[in-house]
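Novice: Residue numbering for the sequence shown follows our numbering, beginning at 3 and increasing consecutively. One structure, as structure tokens, below. Some questions next.
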Amino acid sequence: MVLLSKYFHNPYTADSIAAGLPITDNAMTPELFQRAAKRIGISTRFVKRTLNKIPDMVLPAVLLLKDKQACVLLEVDRAKKTAKIFRPESGEGEVILSLEDLESSFTGYSFFVRPLYQFDKRSTKADETERKKGHWFWGTIVGSWRIYRDVFIASLLINIFAVASPLFVMNVYDRVVPNNAFDTLWVLAIGASVVYLFDFLLRSLRSYFIDIAGKKSDILISASIFSRVSNITMASRPKSVGAFAKNLQEFESIRDFITSASITTLVDIPFMFLIIGVIWLIGDSVGYIPIITIALIILYSLIIQIPLRRSIEESQKTASQKNAVLIESLYNAESVKLNNAEGVFQTQWENAVGNIADWGVKTRQLSQSCSAFAMVAQQLTTVIIVIVGVYQISEGLMSMGALVASVMLTGRALGTYGSSGEFGNTL
3 MVLLSKYFHN PYTADSIAAG LPITDNAMTP ELFQRAAKRI GISTRFVKRT
53 LNKIPDMVLP AVLLLKDKQA CVLLEVDRAK KTAKIFRPES GEGEVILSLE
103 DLESSFTGYS FFVRPLYQFD KRSTKADETE RKKGHWFWGT IVGSWRIYRD
153 VFIASLLINI FAVASPLFVM NVYDRVVPNN AFDTLWVLAI GASVVYLFDF
203 LLRSLRSYFI DIAGKKSDIL ISASIFSRVS NITMASRPKS VGAFAKNLQE
253 FESIRDFITS ASITTLVDIP FMFLIIGVIW LIGDSVGYIP IITIALIILY
303 SLIIQIPLRR SIEESQKTAS QKNAVLIESL YNAESVKLNN AEGVFQTQWE
353 NAVGNIADWG VKTRQLSQSC SAFAMVAQQL TTVIIVIVGV YQISEGLMSM
403 GALVASVMLT GRALGTYGSS GEFGNTL
């Protein structure tokens, strides 16, 4: 890595490259190599390829050799069957050896490397662009976009399958029961059962994909946060270590978020309109009712967010203060006893605990009111749909099966969005 930095005219020392990396036994894994290269402005691509299939245009390349060795391949002379390399043990001098000797020690794995374009201080907008690309949270989420793409596709199919039960019930009410069509009943039942089987498999796969993406993001986010903490300047160091530690602990909620059912709710919300579209097809004007309900839930959630945000912020601020009192009293226990300051710290502790309890009660009340409103709205929507449906049946605009299916689909749509009240509180 040191040789590469000098080769690309951006020299770094070994200590500066290794600083903050979890290196064990003085050895760098391929993953750590990529992390270190990114930090010093070098782009890497890990490939498995034989030596004669490495094109000259991608050189230099880092070759992984046997016995946990490595070298930098600079040039290949196909005519003379020789290669020019850098080896760490040879210092900065170039070594020329035969392709046969190099091939015998080559493992088949290598890194294609190239320098990233470096912006200077005059490129303010470019610097801002680079900073956004390297965002500690969104950068890691974007890095798992392929997994989330699969989650999105699975959610699309799951929500399409959700229509199976209402359509099954509608056809049984409208066609099977009036005509005693038992053969049709069994065909529909078998078809619905197959759909439920695929629904189970897709839900399991979606949960697995979310866990994999969450695990990857959790590791990368935790590493990024600790790296930033380790590299913090003394001038930026917080006055209270306890409060700072508590703030860092709050990042655990991010990990819980990206691995919880909140992600599933987030993905399911857009497909709610797919279900409403089906309600519109089978129930005509009944489709307006869940849309109005959803609008009311959104409005109530937005209104609640204002006091809820303040309540959560005050609770977190007080929790940081409480943690600061605890850490500082333990760290300075001897000084506290010598100065008889136990009462001062006890007072600060009890005040903080009481304040947290007060804000906690308010936060829970606001959160529960949002969930309760969504539940009541869903129940009233069911009643209104039944009333409107009965009038439409009397006018011949709707069948009994369509009414039952509309109620079931409405419960599905509002159930998905009703949980978004809790999802919004999590955010």
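Think of the CB as a built atom: it goes at the ideal place given N, C-alpha and C, for glycine as much as any other residue. A quick note: this is a predicted structure, and the numbers were derived from the prediction, not measured.
1) Since A166 and A194 are thought to touch, with beta carbons under 8 Å apart, how far apart are those beta carbons, to the nearest angstrom?
2) What are the boundary residues of the alpha helix (DSSP H) that A297 is part of?
3) With three or more beta-carbon pairs closer than 8 Å as the criterion, would you say the segment 77–85 touches the segment 17–34?
4) Do you know offhand how far K135's Cα is from K83's?
5) Taking the beta strand (DSSP E) that S45 belongs to, which residues open and close that run?
6) Would you grab the beta carbon distance between L276 and N161 for me? Rounded to a whole angstrom, and I think it's under 8 Å.
7) Please determine, among G362, L304, G398, V363, the residue with the shortest C-alpha to C-alpha distance to F375.
8) If you drop the 5 nearest sequence neighbours on each side, which residues of the same chain put their C-beta closer than 6 Å to that of G403?
9) Where does the unbroken beta strand (DSSP E) through G110 begin, and where does it stop?
10) Tell me whether F88 sits in a helix, a strand or coil according to DSSP, three-state version.
11) Report the rounded CA-to-CA distance for L310 versus Q367, giving the unit in angstroms.
12) Looking at F10: is its Cβ nearer than 9 Å to the Cβ of A63?
13) Taking L368 as part of the alpha helix (DSSP H), name the residues at either end of that continuous run.
14) Identify which residue in M410, K70, P13, L66 has its Cα closest to the Cα of G43.
15) Assign K324 to buried or exposed, taking buried as 16 or more other Cβ atoms, counted over all protein chains shown, within 10 Å of its Cβ.
16) Tell me the rounded alpha-carbon separation between D129 and A354.
17) Under a Cβ-count criterion, where at least 16 other Cβ atoms within 10 Å of its own Cβ denotes burial, should R230 be classed as buried or exposed?
18) Give the single residue among K40, V4, S18 whose Cα lies nearest to the Cα of N233.
19) Distance check for E91 and A16, CA to CA, integer angstroms please.
20) Excluding sequence positions up to five away, which residues of its chain have a Cβ less than 7 Å from the Cβ of V288?
21) Just confirm the distance between the C-beta atoms of L204 and A156, as a whole number of angstroms; I'd bet it's less than 8 Å.
22) How many Å lie between E330 and T365 at the Cα?
23) Could you tell me which of L6, I308, Q350 sits nearest to L118, measuring between CA atoms?
24) When you compare only the Cα positions, how much space is there between L53 and I192?
25) Suppose you measure from the CA of T131 to the CA of I221; what does that come to, to the nearest Å?
26) Starting from A29, trace the alpha helix (DSSP H) in both directions and tell me its first and last residue.
27) Assess contact between the segment 378–385 and the segment 286–301, defined as three or more Cβ pairs (one per stretch) separated by less than 8 Å. Is contact present?
28) Contact defined as beta carbons within less than 8 Å: I believe I358 pairs with A321. What is the distance between those atoms, to the nearest angstrom?
29) If you measure from the beta carbon of F163 to each beta carbon in chain C, is any gap under 9 Å?
30) What is the residue span of the beta strand (DSSP E) that D213 lies within?
31) Buried or exposed for D103, please, with buried defined as at least 16 other CB atoms from any protein chain shown within 10 angstroms of its CB.
32) Let me confirm a value: K127 is counted as buried when at least 16 other C-beta atoms fall within 10 Å, else exposed. Which label applies?
33) Express the C-alpha separation of V327 and W361 in angstroms, rounding to a whole number.
34) Starting from V78, trace the beta strand (DSSP E) in both directions and tell me its first and last residue.
35) How big is the Cα-Cα spacing for L411 and L190?
36) Quick check: the Cα distance between F170 and I308, rounded to an integer number of angstroms?
Specialist: On the basis of the coordinates in this document:
1) Your numbering for residue 166 matches position 164 in the sequence shown. Your numbering for residue 194 matches position 192 in the sequence shown. Going by Cβ atoms, the distance from A166 to A194 rounds to 5 Å, so yes, they are a contact pair.
2) For the purposes of this step, residue 297 is taken as the residue at position 295 of the sequence shown. Note, A297: alpha helix (DSSP H), 290–333.
3) no
4) Here residue 135 refers to the residue found at position 133 when the sequence shown is read from its first residue. Here residue 83 refers to the residue found at position 81 when the sequence shown is read from its first residue. Confidence at K135 is low in this model, with a pLDDT of 47, below 50, so its placement is unreliable and no value can be given for it.
5) To locate residue 45, count along the sequence shown from 1; it is residue 43. Run containing S45: 44–50, per the beta strand (DSSP E) assignment.
6) For the purposes of this step, residue 276 is taken as the residue at position 274 of the sequence shown. For the purposes of this step, residue 161 is taken as the residue at position 159 of the sequence shown. Sure, about 6 Å apart at Cβ, within 8 Å.
7) To locate residue 375, count along the sequence shown from 1; it is residue 373. Of the candidates G362, L304, G398, V363, the one whose C-alpha sits nearest the C-alpha of F375 is L304.
8) If you number the sequence shown from 1, residue 403 lands on position 401. Contacts found: M172, Y175, D176.
9) Taking the sequence shown and counting its residues from 1, one reaches residue 110 at position 108. Where G110 is concerned, the enclosing beta strand (DSSP E) stretches over 108–117.
10) As a first step, residue 88 must be located in the sequence shown, where it is residue number 86. Three-state result, F88: strand.
11) Taking the first residue of the sequence shown as 1, we reach residue 310 at position 308. Taking the first residue of the sequence shown as 1, we reach residue 367 at position 365. One C-alpha to the other measures close to 9 Å.
12) Here residue 10 refers to the residue found at position 8 of the sequence shown. Here residue 63 refers to the residue found at position 61 of the sequence shown. Not in contact: F10 and A63 (Cβ atoms no closer than 9 Å).
13) Taking the sequence shown and counting its residues from 1, the one referred to as residue 368 is at position 366. Taken as a continuous stretch (DSSP letters only), the alpha helix (DSSP H) holding L368 covers 344–396.
14) Counting from 1 along the sequence shown, the entry for residue 43 is found at position 41. For G43, the nearest C-alpha among the options comes from P13.
15) Counted from its first residue, the sequence shown places residue 324 at position 322. Label assigned to K324: buried.
16) Within the sequence shown, residue 129 is the residue found at index 127, counting from 1. Within the sequence shown, residue 354 is the residue found at index 352, counting from 1. Its pLDDT being 48, under 50, D129 is placed unreliably in this model, and the value from its coordinates should be taken loosely. Answer to the nearest angstrom: the Cα atoms are 42 Å apart.
17) Walking along the sequence shown from the start, residue 230 turns up at place 228. R230 is exposed by the Cβ-count criterion.
18) Within the sequence shown, the letter at position 231 stands for residue 233. It is S18.
19) Counted from its first residue, the sequence shown places residue 16 at position 14. Counted from its first residue, the sequence shown places residue 91 at position 89. Near 14 Å, if we compare the C-alpha coordinates of E91 and A16.
20) Your numbering for residue 288 matches position 286 in the sequence shown. The residues are I281, I387, V390, G391, S408.
21) Position 202 of the sequence shown, counted from the start, is the residue given in the question as residue 204. Position 154 of the sequence shown, counted from the start, is the residue given in the question as residue 156. About 5 Å separates the two Cβ atoms, so the contact holds.
22) Indexing the sequence shown from 1 puts residue 330 at position 328. Indexing the sequence shown from 1 puts residue 365 at position 363. Spanning the two alpha carbons is a distance of roughly 28 Å.
23) Taking the first residue of the sequence shown as position 1, residue 118 is located at position 116. The residue with the shortest Cα to Cα distance from L118 is L6.
24) The residue given as residue 53 occupies position 51 in the sequence shown. The residue given as residue 192 occupies position 190 in the sequence shown. Roughly 57 Å separates the two Cα atoms.
25) Indexing the sequence shown from 1 puts residue 131 at position 129. Indexing the sequence shown from 1 puts residue 221 at position 219. Confidence in T131 is poor, its pLDDT being 45 and thus under 50, which makes the residue's placement unreliable; the coordinate value appears in the next sentence. Spanning the two alpha carbons is a distance of roughly 24 Å.
26) As a working note, residue 29 is residue 27 in the sequence shown. Per DSSP, A29 belongs to no alpha helix (DSSP H) and is neither H nor E.
27) yes
28) Here the question's residue 358 lines up with position 356 in the sequence shown. Here the question's residue 321 lines up with position 319 in the sequence shown. At roughly 6 Å, the Cβ-Cβ gap stays under 8 Å, so I358 and A321 are in contact.
29) Of the protein chains in the structure, only one exists, and it is not chain C.
30) In the sequence shown, residue 213 corresponds to position 211, counting from 1. Note, D213: premise wrong, no beta strand (DSSP E); alpha helix (DSSP H) at 184–232.
31) Here the question's residue 103 lines up with position 101 in the sequence shown. Its Cβ having fewer than 16 others within 10 Å, D103 is exposed.
32) Here residue 127 corresponds to residue number 125 of the sequence shown, with the count starting at 1. Low confidence applies to K127: its pLDDT is 49, below 50, so where it sits in the model is not reliable, and the reading given next is rough at best. Answer is exposed; the Cβ neighbour count stays below 16.
33) Taking the sequence shown and counting its residues from 1, the one referred to as residue 361 is at position 359. Taking the sequence shown and counting its residues from 1, the one referred to as residue 327 is at position 325. Roughly 19 Å between the two C-alpha positions.
34) Locating residue 78 in the sequence shown gives position 76, counting from the first residue. Looking at the DSSP string, the run of the beta strand (DSSP E) that includes V78 is 71–79.
35) Here residue 411 is taken as the residue at index 409 of the sequence shown, counted from 1. Here residue 190 is taken as the residue at index 188 of the sequence shown, counted from 1. Cα to Cα, L411 sits roughly 18 Å from L190.
36) Working through the sequence shown from its first residue, we reach residue 170 at position 168. Working through the sequence shown from its first residue, we reach residue 308 at position 306. Distance between the alpha carbons of F170 and I308 is about 43 Å.
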